[in-house]
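Everything below concerns the one structure shown next.
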Amino acid sequence: MTTSRVKSAERVLDVLDLLARRGVPLATAEISSALELPKSTTHHLLNVMRDRRFVSYWADQRAWTLGVSAFEVGASYMRSGPLHREGQRFMLALTQSTDETSHLAVLQGSDVIYLDKREPLKPGVRLVTEIGTRLPAHLTAVGRAILSRLDAEQISALYEGYTWPTRTGTGPSTLAELRELLAAARESGYAVEENATTSGINCIASPVITRDGRPVAALGVTFLSGSKSAEESALIADRVRAVSAEFSADLGDRMVETPTADM
């Protein structure tokens with residue numbers, strides 16, 4: 041494959057990633073500026089992607105969004121991806137044993153993306169963590185659980201120049217504060233978040249790791265603030281940690297970081 045074709049493929053992926061991260065329609069000029077591409081190149085890429093239905097153009101807003109083909113690719117991953125496929129029974133186990141909502145999330149840059157969730161039969165409050173939701177990792181228990189298994193150099197690189205967004209006015213606002221939370225999560229085996237993503241909502245999460253210690257996801261349980269005693273919260277933490285360990289053992293060596301040339 042020629043260098044120019046590889047570069048074009050990279051640019052297409054950059055456009056998809058940008059639209060996914062922003063989550064709102066973007067004008068051609070905004071995409072061009074964000075990706076530092078000539079407007080003519082951006083326009084050509086978008087037209088090709090529109091022909092293949094990976095992006096859609098909204099004439100009334102003069103802006104672009106992800107298209108149906110992007111959704112189909114994501115839906116296929118949700119159906120066939122090993123984390124989602126294998127994680128369903130572990131989420132179900134958590135929800136059945138705690139009678140609360142469970143989540144499966146992965147780290148994407150400095151954000152987490154919620155891949156799936158299981159809700160209990162009892163009526164409850166609607167949460168912001170719908171499937172596909174992206175939230176700042178430092179604010180979430182699932183994010184902190186994954187981050188707690190990264191080394192210090194990885195954390196420094198990930199948060200270099202970070203602006204520390206907030207949703208409720210709580211949560212770490214410096215790297216030192218985040219490191220303190222991650223150290224506690226690593227020692228206990230689980231991370232706790234209280235009211236940082238949504239006021240009145242708490243979450244407890246543990247990392248899912250490969251046999252070589254690499255964190256690939258996190259399982260979490262979310263519940264209303266004040267609805268659990270200290271003893272009940274401790275029991276949930278123990279359960280989350282145990283089920284995440286079972287998931288990690290089940291995953292084993294099946295998640296490889298870099299496939300070999302013959303795979």
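Quick note: the sequence shown uses the numbering used here, first residue 41, plus one each step. Quick reminder that beta carbons are idealized off the backbone N, C-alpha and C, glycines included.
A direct Cα-Cα distance of roughly 16 Å separates Ala69 from Ser96. Here Leu106 carries a strand assignment [DSSP, helix/strand/coil]. Exclusion of the five residues before and after Phe287 leaves Phe130 and Val248 as the residues of its chain whose Cβ lies within less than 6 Å of its Cβ. Separation of the CB atoms of Thr262 and Thr141 is rounded to 5 Å, and the pair is thereby assigned contact status at 8 Å.
The C-alpha of Tyr202 is placed about 24 Å away from the C-alpha of Leu77. Between Trp98 and Leu86, the C-beta gap is not smaller than 8 Å, which leaves the two residues out of contact. Beta-bridge partners assigned by DSSP to Ser142: Arg158 and Val261. Look at Pro122 here: in three-state DSSP terms it is helix. A residue is called buried once 16 or more other Cβ atoms fall within 10 Å of its Cβ, and Arg158 is buried on that count.
When rounded, the separation of the alpha-carbon atoms in Asn235 and Leu147 is 20 Å.
The residue from Gly209, Glu217, Val182 and Thr208 with its alpha-carbon nearest to that of Tyr199 is Glu217. Looking only at Arg62, Arg189 and Thr237, the smallest Cα-Cα distance to Arg226 is reached by Arg189. Boundaries of the alpha helix (DSSP H) around Ser80: Lys79 to Asp91. Sorting Ala245, Ile241, Ser239 and Gly127 by C-alpha distance to the C-alpha of Ser228 places Ala245 at the top.
In this structure, the beta-carbon distance from Glu126 to Asp278 does not fall below 8 Å. In the same chain as Gly107, and ignoring 5 residues on each side of it, the C-beta atoms closer than 6 Å to its own belong to Arg93, Phe94, Val95 and Ser96, in chain order.
Put simply, of Thr180, Asp151, Ser80 and Asp139 the residue whose alpha carbon is nearest the alpha carbon of Lys162 is Asp139.
Note on Leu179: 16 or more other CB atoms within 10 angstroms of its CB, so buried under the neighbour-count rule.
For Glu220, there is no enclosing beta strand (DSSP E); the enclosing alpha helix (DSSP H) has its first and last residue at Leu215 to Ser228.
Tyr97 is bridged by DSSP to Trp104.
If you look at Ser246, you'll find it in the beta strand (DSSP E) that goes Ile241 to Ile249. The beta carbon of Pro65 sits closer than 7 Å to the beta carbons of Trp98, Gln101, Ala103, Trp104 and Thr105 from its chain, once the five residues preceding and following it are set aside; these are given in chain order. For Gln148, DSSP records a beta bridge to Asp151.
For Ile171, the closest of Ala145, Val182 and Ala270 by C-alpha to C-alpha distance is Ala145. The shortest CA-to-CA distance from Tyr230 to any of Cys243, Thr238 and Arg254 is the one to Cys243.
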